[in-house]
Amino acid sequence: MSSTDIAIKFETLNKHYGSYHALVDINLEVARGEKIVVCGPSGSGKSTLIRCVNGLEPHQSGKLTVDGILLDDSKTAVRDIRDHVGMCFQHFNLFPHLSVLDNCTLSPICTHKIPKAEAEATAMEFLTKVRMDQHAHKYPSQLSGGQQQRVAIARSLCMKPDIMLFDEPTSALDPESISEVLDVMSDLAKGGMTMMCVTHEMGFARKVADRIVFMDAGEIVEIADPESFFTNPQHQRSRKFLDQVINH
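Residue numbering for the sequence shown follows my numbering, beginning at 185 and increasing consecutively.
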């Protein structure tokens, strides 16, 4: 794979919280347009891994290159990377005092200096994409959890990222809302967006992912295509995890 085909590259990346070694010698390349699902038991380093990608968590050693930009300690690198990378969290983090439309236009107007009319047109385009255009003038408190998460996805898309990160975006939702959000994410995947997603939704992972990255104790234990991972996992830790999430 040439360097221009690589969206994200981890090279012997290590992350510590004091004496706790949260990420251990991570080596991983994510191709442009690839859909990666990161899974593993709680505390395995999944969220820390993707939070490193946009500089929310600094790493202590190794290299991380995102969209051709080397992520170092400089504020410039972090700012440049965040211009290319969108992120959707477990909790929606919408501004409660702003309408859906204003939530989506705030960053384009304030950060990228996009004219208001253009920002609103873009926001409506992406709200339509996530099937929330009819709710553009409502406030977050008037929406269900699934609707708020779809707005959060649209808000990220309004910055026109090359890469989307999802950190357990459905874990705080009820079953009906989970389905709504996963449908939107599946549509994004079909559209060719480069995605890294931390999730426990194994049905989604099997259907959408190009590769599964399984983590445990801060290490990447196994990388495989979905069919191989679910039918013939190579490591005891992978087999134990799948047994727990599928059979319980």
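We treat Cβ as the ideally placed atom computed from N, Cα and C, and that holds for glycine.
Quick caveat: nothing in here was measured; it's all calculated off a predicted structure.
Point to revise | Proximity to Arg334 [Cα-Cα], best of Gln318, Ile347 and Asp346 | key: Checking every option, the nearest Cα to that of Arg334 belongs to Gln318.
**Study point:** 6 Å CB neighbourhood of Pro292 in its chain, flanking five on each side removed
**Key:** Ile298, Ala303 and Cys342
Exercise for review: Pick out the complete alpha helix (DSSP H) segments inside the stretch 243-329, 4 residues or longer, and give them in chain order.
Suggested key: 259-266, 284-294 and 300-313
Review point. Relative to the C-alpha of Ser340, which residue among Leu372, Ser363 and Ser361 is closest?
Key: By alpha-carbon distance to Ser340, the top candidate from Leu372, Ser363 and Ser361 is Leu372.
Check your understanding: What residue does the beta strand (DSSP E) around Glu195 start on, and which one ends it?
Key -> Ile190 to Tyr201
Check your understanding: Ile253: which of Gly246, Ser245 and Val262 sits nearest, CA to CA?
Key -> That would be Val262, whose Cα lies nearest to the Cα of Ile253.
Check your understanding: Mind checking whether Val382 and Val222 have CB atoms under 9 Å apart?
Key -> yes
Check your understanding: What beta strand (DSSP E) runs, 3 residues minimum, are completely inside the stretch 341-402?
Key -> List check, beta strand (DSSP E) in window: 347-351, 378-382 and 395-400.
Exercise for review: Would you mind reading off the limits of the beta strand (DSSP E) that contains Glu213?
Suggested key: Tyr204 to Ala215
Exercise for review: Might you give, ordered along the chain, the residues of its own chain that have their beta carbon closer than 8 Å to the beta carbon of Arg423, omitting 5 neighbours on each side?
Suggested key: Closer than 8 Å at the Cβ level, and outside the excluded window around Arg423, lie Pro417.
Check your understanding: Beta-carbon separation of Ser228 and Asp427 under 9 Å?
Key -> no
Practice item. Give the single residue among Ile337, Asp251 and Leu255 whose Cα lies nearest to the Cα of His275. Key: The closest CA to that of His275, considering only Ile337, Asp251 and Leu255, is found on Ile337.
Check your understanding: With Ala191 and Asp251 assumed to form a contact (beta carbons below 8 Å), what rounded beta-carbon distance in angstroms separates them?
Key -> 6 Å
Review point. Going along the chain, which residues of its own chain have a beta-carbon closer than 7 Å to the beta-carbon of Ile234, five neighbours each way excluded?
Key: Take Ile234, set aside five residues on each side of it, and the residues of its chain with a beta-carbon closer than 7 Å to its own are Val222, Leu349, Asp351, Met380 and Val382, in chain order.
Practice item. May I ask you to list the residues that DSSP assigns as paired with Cys223? Key: Phe398
Check your understanding: If you drop the 5 nearest sequence neighbours on each side, which residues of the same chain put their C-beta closer than 6 Å to that of Gly329?
Key -> Leu357 and Ser361
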